[in-house]
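Asker:
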Amino acid sequence: MVVSHFSVSFDEEYSVGGTPLVSVEVPVRGRMRRIRLKIEAGNQFGSIKARTAHGLLTTLETTGRLSPGQRVVESSSGNLGVALAGLCAARGYRCTLVVDATAPPESVRRIAAYGADVVQIGDVSGGNAVRARLSRVQDILRTDSSAVWTDQYHSPANPDVHYRWTAPELVGDLGGGLDAAAVAVSTGGTLAGVSRYLREQHPGTRVIAVDAVGSAATGGDPAPRPFKLAGFGSGVRSSFLAPADWDRRVRVDDLDGAQACRILRERTGLALGGSGGAAVLGAVVAAIEDPELRDIACICADGGEKYAATVYSNALPELLDRPSELTEALGCLGLARPY
Numbered sequence: 006m007v008v009s010h011f012s013v014s015f016d017e018e019y020s021v022g023g024t025p026l027v028s029v030e031v032p033v034r035g036r037m038r039r040i041r042l043k044i045e046a047g048n049q050f051g052s053i054k055a056r057t058a059h060g061l062l063t064t065l066e067t068t069g070r071l072s073p074g075q076r077v078v079e080s081s082s083g084n085l086g087v088a089l090a091g092l093c094a095a096r097g098y099r100c101t102l103v104v105d106a107t108a109p110p111e112s113v114r115r116i117a118a119y120g121a122d123v124v125q126i127g128d129v130s131g132g133n134a135v136r137a138r139l140s141r142v143q144d145i146l147r148t149d150s151s152a153v154w155t156d157q158y159h160s161p162a163n164p165d166v167h168y169r170w171t172a173p174e175l176v177g178d179l180g181g182g183l184d185a186a187a188v189a190v191s192t193g194g195t196l197a198g199v200s201r202y203l204r205e206q207h208p209g210t211r212v213i214a215v216d217a218v219g220s221a222a223t224g225g226d227p228a229p230r231p232f233k234l235a236g237f238g239s240g241v242r243s244s245f246l247a248p249a250d251w252d253r254r255v256r257v258d259d260l261d262g263a264q265a266c267r268i269l270r271e272r273t274g275l276a277l278g279g280s281g282g283a284a285v286l287g288a289v290v291a292a293i294e295d296p297e298l299r300d301i302a303c304i305c306a307d308g309g310e311k312y313a314a315t316v317y318s319n320a321l322p323e324l325l326d327r328p329s330e331l332t333e334a335l336g337c338l339g340l341a342r343p344y
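Residue numbers (the numbering used here): 6 to 344.
(1) Hey, out of 118, 240, 318, 292, whose CA is closest to residue 379's CA?
(2) For residue 5, which residues from the same chain have a beta carbon less than 7 Å from its beta carbon, with the 5 sequence-adjacent residues on both sides left out?
(3) Can you give me the Cβ contacts of residue 83 inside the same chain, cut-off strictly under 6 Å, excluding the 5 residues immediately before and after it?
(4) Note down, in chain order, each residue of its chain lying with its Cβ closer than 8 Å to the Cβ of residue 301, except the 5 sequence neighbours on either side.
(5) Output yes or no for whether 7 Å exceeds the beta carbon distance between residue 26 and residue 54.
(6) Would residue 59 be called buried (16 or more neighbouring beta carbons within 10 Å of its own) or exposed?
(7) Comparing C-alpha positions only, which one of 204, 314, 34, 170 sits nearest to residue 278?
(8) In chain order, what residues of the same chain have a beta carbon less than 6 Å from the beta carbon of residue 122, not counting five sequence neighbours either side?
(9) Are there 16 or more other CB atoms within 10 angstroms of the CB of residue 283, so buried, or fewer, so exposed?
(10) On a Cα-Cα basis, can you pick out the residue from 297, 198, 209, 240 that is closest to residue 250?
(11) Please name the residue or residues paired with residue 305 in a DSSP beta bridge.
(12) Measuring alpha carbon to alpha carbon, tell me which of 258, 49, 244 ends up nearest residue 237.
(13) What residue range does the alpha helix (DSSP H) around residue 142 cover?
(14) For residue 325, which of helix, strand or coil comes out of DSSP?
(15) Along the chain, where does the alpha helix (DSSP H) containing residue 200 start, and where does it finish?
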């Protein structure tokens with residue numbers, strides 16, 4: 006099956022797709038590895054979630070479940086909320102986003118600036134903010150008959166948009182196949198869609214799932230994450246993913262993901278969001294383990310402009326206890342250079 010590579014333009018102000026690809030070189034055990042960064046901050050609304058939001062809304066519209074006058078409701082850690090708020094404003098829908106205390110303040114400000122209502126829950130006992138946000142979404146659906154849930158956690162439109170759009174665009178940018186692709190996980194939609202496409206069209210490409218320490222997204226029990234990167238990992242298991250969707254899973258502590266971001270900015274001038282830094286770090290770990298991985302693509306979900314007080318803060322503590330391969334990978338990133 007050939008999957009179409011497409012982009013969408015709503016008008017001159019609202020365009021999604023066609024994001025840039027930037028390459029860096031990283032020395033790993035005496036051999037240079039090329040890391041290809043798909044910079045999804047280049048989307049309108051600043052993240053890969055612009056693609057997801059487009060897919061979710063379009064599916065609801067084409068199936069007749071969403072029509073003018075209704076309200077779109079979703080739970081978000083920030084980026085999807087911004088994209089839904091912007092697209093709903095462009096398409097004429099009311100919008101309510103449920104966020105938690107870990108959402109970047111700049112994302113919350115942008116959601117409100119697009120005219121959406123923001124429902125912000127406080128700190129959650131046990132740290133499972135996703136479940137608390139979803140509970141609030143259900144409260145809204147019960148009390149507002151006009152409300153429609155986009156449901157990024159279960160809607161097939163989430164992985165499908167990355168299967169039909171993100172992954173073909175990435176491979177097209179590269180002019181063909183690649184050794185591996187690393188994708189950080191939250192809902193799991195991006196990884197599921199990219200993996201499905203690569204399994205079908207480029208079965209020789211290894212898929213690297215990058216999940217957070219303490220996340221349940223790819224399996225296991227959730228654990229406290231005192232410093233949590235927005236949009237990375239989840240307190241609930243992804244409904245889209247199974248172990249067959251990846252060849253290697255790398256667990257990255259949130260603090261190490263932030264450290265990777267700071268190192269990359271210093272070495273290359275690129276300011277990535279936390280999940281992008283984690284994806285790059287996971288890619289380097291995979292390259293340490295496999296000398297055949299010389300050309301690895303990373304989906305970098307957003308940029309660093311929203312994270313000055315978190316990812317790029319000089320006040321973050323140092324993680325003293327980490328696996329040796331992550332220590333080595335951070336050292337390799339410290340020698341990265343633009344390609």
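Beta carbons are placed, not taken as given, at the ideal position from N, Cα and C, and that holds for glycine.
Answerer: A quick look at the data gives this:
(1) Not covered by the structure: residue 379. The range shown for the chain is 6 to 344.
(2) This structure cannot settle anything about residue 5, because the visible part of the chain is limited to 6 through 344.
(3) Here residue 83 corresponds to residue number 78 of the sequence shown, with the count starting at 1. If we look at residue 83 and ignore the five residues flanking it on each side, its Cβ neighbours are 108, 109, 112, 235.
(4) Position 296 of the sequence shown, counted from the first residue, corresponds to residue 301. So the qualifying residues of the chain are 38, 39, 40, 41, 183, 184, 185, 186, 187, 213, 288, 291, 292.
(5) Here residue 26 refers to the residue found at position 21 of the sequence shown. Here residue 54 refers to the residue found at position 49 of the sequence shown. Against a cut-off of 7 Å, the Cβ pair of residue 54 and residue 26 comes out as no contact.
(6) Residue 59 sits at position 54 when you count from the first residue of the sequence shown. Result: buried.
(7) Indexing the sequence shown from 1 puts residue 278 at position 273. It is 314.
(8) The sequence position of residue 122 within the sequence shown is 117, counting from 1. Excluding residues within five positions, the ones whose Cβ falls inside 6 Å are 101.
(9) Counted from its first residue, the sequence shown places residue 283 at position 278. Burial call: buried.
(10) In the sequence shown, residue 250 corresponds to position 245, counting from 1. Checked all of 297, 198, 209, 240; the closest Cα to residue 250 is 198.
(11) Mapped onto the sequence shown, residue 305 falls at position 300. 44, per the DSSP bridge assignment.
(12) If you number the sequence shown from 1, residue 237 lands on position 232. If we check each option's Cα against that of residue 237, 258 comes out closest.
(13) Numbered from 1 along the sequence shown, position 137 holds the residue referred to as residue 142. Start and end: 134-148.
(14) Mapped onto the sequence shown, residue 325 falls at position 320. Note: residue 325 maps to coil in three-state DSSP.
(15) Locating residue 200 in the sequence shown gives position 195, counting from the first residue. First-last of the alpha helix (DSSP H) with residue 200: 194-206.
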